[in-house]
Amino acid sequence: MKFCQKCDNMYYLKIDDNEEYNKDDLVYYCRNCGDEHSIDNNATNIMKTVINGNNDVYVNVVNKYTKYDNTIPRVNDIQCSNSSCPSHEDENVKDVLLIRHDEKNLKYIYLCGVCDNVWKSDIK
813 MKFCQKCDNM
823 YYLKIDDNEE
833 YNKDDLVYYC
843 RNCGDEHSID
853 NNATNIMKTV
863 INGNNDVYVN
873 VVNKYTKYDN
883 TIPRVNDIQC
893 SNSSCPSHED
903 ENVKDVLLIR
913 HDEKNLKYIY
923 LCGVCDNVWK
933 SDIK
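Take any residue in the sequence shown, note its place counting from 1, add 812, and you have its number in the numbering used here.
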């Protein structure tokens with residue numbers, strides 16, 4: 813995070829469409845005082861993705877609202893691991909969410925949308 817050299821407020825990013833050179837450059841600008849300063853495009857990361865290597869940590873991913881997230885893939889052909897789940901008696905209510913927790917090995921966390929049971933596959 814960068815701060816303005818004049819007023820110490822946070823800098824924001826914007827595209828400076830320089831018509832003279834016919835190219836778009838990224839610049840820092842201050843919303844408070846209007847100060848701008850250019851960015852060396854070769855030395856700046858705009859976005860950085862950090863993946864935690866600990867595969868057993870998934871409590872932060874699954875919570876009581878996860879089953880309401882429509883962006884998570886759902887399947888109805890996986891059996892819930894909870895033997896007392898109502899989906900074992902009625903095939904029409906099966907609803908299992910697939911949450912990938914290990915990007916490298918493509919391992920998933922399964923969340924039953926019926927009984928909220930959470931489990932991981934033991935496939936190695």
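In this text, a Cβ means the ideal position worked out from N, Cα and C, and glycines have one as well. Quantities reported herein were computed from a predicted structural model and do not represent experimental measurements.
The three-state secondary structure of Lys919, taken from DSSP, is strand. Rounded to the nearest whole angstrom, the C-alpha separation of Val908 and Gly925 is 6 Å. Val873 has its alpha-carbon roughly 24 Å from the corresponding atom of Ser896. Listed in chain order, the non-local C-beta contacts of Asp847 below 6 Å within the same chain comprise Cys816 and Lys818, local neighbours out to five positions each way being set aside.
Of the candidates Lys906, His900, Glu901 and Ser850, Lys906 places its Cα closest to the Cα of Lys879. Within a 10 Å sphere around the beta-carbon of Ser850 sit fewer than 16 other beta-carbons, which makes this residue exposed.
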